[in-house]
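*Asks:*
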Amino acid sequence: DAKTTQPPSMDCAEGRAANLPCNHSTISGNEYVYWYRQIHSQGPQYIIHGLKNNETNEMASLIITEDRKSSTLILPHATLRDTAVYYCTTGGGGKLIFGQGTELSVKP
Amino acid sequence: EAGVAQSPRYKIIEKRQSVAFWCNPISGHATLYWYQQILGQGPKLLIQFQNNGVVDDSQLPKDRFSAERLKGVDSTLKIQPAKLEDSAVYLCASSLGVKNIQYFGAGTRLSVL
Numbered sequence: 051d052a053k054t055t056q057p058p059s060m061d062c063a064e065g066r067a068a069n070l071p072c073n074h075s076t077i078s079g080n081e082y083v084y085w086y087r088q089i090h091s092q093g094p095q096y097i098i099h100g101l102k103n104n105e106t107n108e109m110a111s112l113i114i115t116e117d118r119k120s121s122t123l124i125l126p127h128a129t130l131r132d133t134a135v136y137y138c139t140t141g142g143g144g145k146l147i148f149g150q151g152t153e154l155s156v157k158p
Numbered sequence: 302e303a304g305v306a307q308s309p310r311y312k313i314i315e316k317r318q319s320v321a322f323w324c325n326p327i328s329g330h331a332t333l334y335w336y337q338q339i340l341g342q343g344p345k346l347l348i349q350f351q352n353n354g355v356v357d358d359s360q361l362p363k364d365r366f367s368a369e370r371l372k373g374v375d376s377t378l379k380i381q382p383a384k385l386e387d388s389a390v391y392l393c394a395s396s397l398g399v400k401n402i403q404y405f406g407a408g409t410r411l412s413v414l
């Protein structure tokens, strides 16, 4: 069973920030939060991960709440190429459990 | 750096036939995973290898699915005999170790008719 909950779909205007929420209320203390995205007909692509602190890389920012029960992935300036299914997953020991993800549509 | 390679990209078979998928992980990655992704769902882990040993195969339907990772590098996943419900994308991923980021291949799309 999936340990994360995400909205099934979201829209975002091109050039605006996309904020994708995820609930992971049963996360264990040593489990990381990982975000992947999957563009049609491709394998999932790693975006970012974190344990407690907020993280930023060239692709996105990850905001994790202090109680670690939820997080938000931020794509600061969404482009049409960011249209994909975004998966939030938690893992420890290598086992990732994927839910159904959020289908993000970036519109011109 | 080359990514995870999988072949074939597509396969169509009839039910009760057998099929095999091949995966070549990123060089130096000790951990290898096979996932099944049914249309509209997230990937589901089937089996996890650490070098050539199985770490987790609790979700692998062992009556028809088998997997091996000889010499701790390449891996094959086999289905025999296939059922209609096996139609899915089979994804291979690899990581340096069990606590490291997983990198996925493009997958093999299997259609069982």
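Each protein sequence line maps, in turn, to chains A and B. At the far end of the first sequence sits residue 158, using my numbering, and the numbering has no gaps. At the far end of the second sequence sits residue 414, using my numbering, and the numbering has no gaps. Even glycine gets a Cβ: it sits at the ideal position worked out from N, Cα and C.
Looking at the C-beta of D51 of chain A, does it have a partner C-beta in chain B at a distance below 8 Å?
*Replies:* Residue placement at D51 of chain A cannot be trusted, given a pLDDT of 48 that sits under 50; what the coordinates show is reported in the next sentence. No, D51 of chain A lies away from the interface with chain B (no Cβ there is under 8 Å from its Cβ).
*Asks:* Could you tell me which residues DSSP pairs with D357 of chain B in its beta bridges?
*Replies:* Answer is B:Q349, bridged to D357 of chain B.
*Asks:* Quick one: grab the DSSP three-state call for R410 of chain B.
*Replies:* Correct three-state label for R410 of chain B: strand.
*Asks:* Would you be able to state if there are at least three C-beta pairs under 8 Å between the segment 375-393 of chain B and the segment 67-86 of chain A?
*Replies:* No: the two stretches stay apart, fewer than three of their Cβ pairs being nearer than 8 Å.
*Asks:* Looking only at its own chain, which residues have a Cβ that is under 6 Å from the Cβ of K119 of chain A, when we skip the five neighbours before and after it?
*Replies:* Around K119 of chain A: S75.
*Asks:* Kindly indicate which three-state DSSP category G343 of chain B falls into: helix, strand or coil?
*Replies:* In the structure shown, G343 of chain B sits in coil (DSSP, three-state: anything other than H, G, I, E or B).
*Asks:* Would the segment 346-366 of chain B and the segment 400-408 of chain B be scored as touching if the rule is three or more Cβ pairs under 8 Å?
*Replies:* The answer is no - the segment 400-408 of chain B does not touch the segment 346-366 of chain B, with fewer than three Cβ pairs under 8 Å.
*Asks:* Could you tell me whether the segment 385-398 of chain B touches the segment 318-335 of chain B, where touching means 3 or more Cβ pairs closer than 8 Å?
*Replies:* Yes, the segment 385-398 of chain B is in contact with the segment 318-335 of chain B.
*Asks:* Suppose you measure from the CA of L385 of chain B to the CA of S412 of chain B; what does that come to, to the nearest Å?
*Replies:* About 8 Å.
*Asks:* Using 10 angstroms around the beta-carbon of I98 of chain A, count the other beta-carbons present and answer buried if the total reaches 16, otherwise exposed.
*Replies:* Buried, by the Cβ-count rule.
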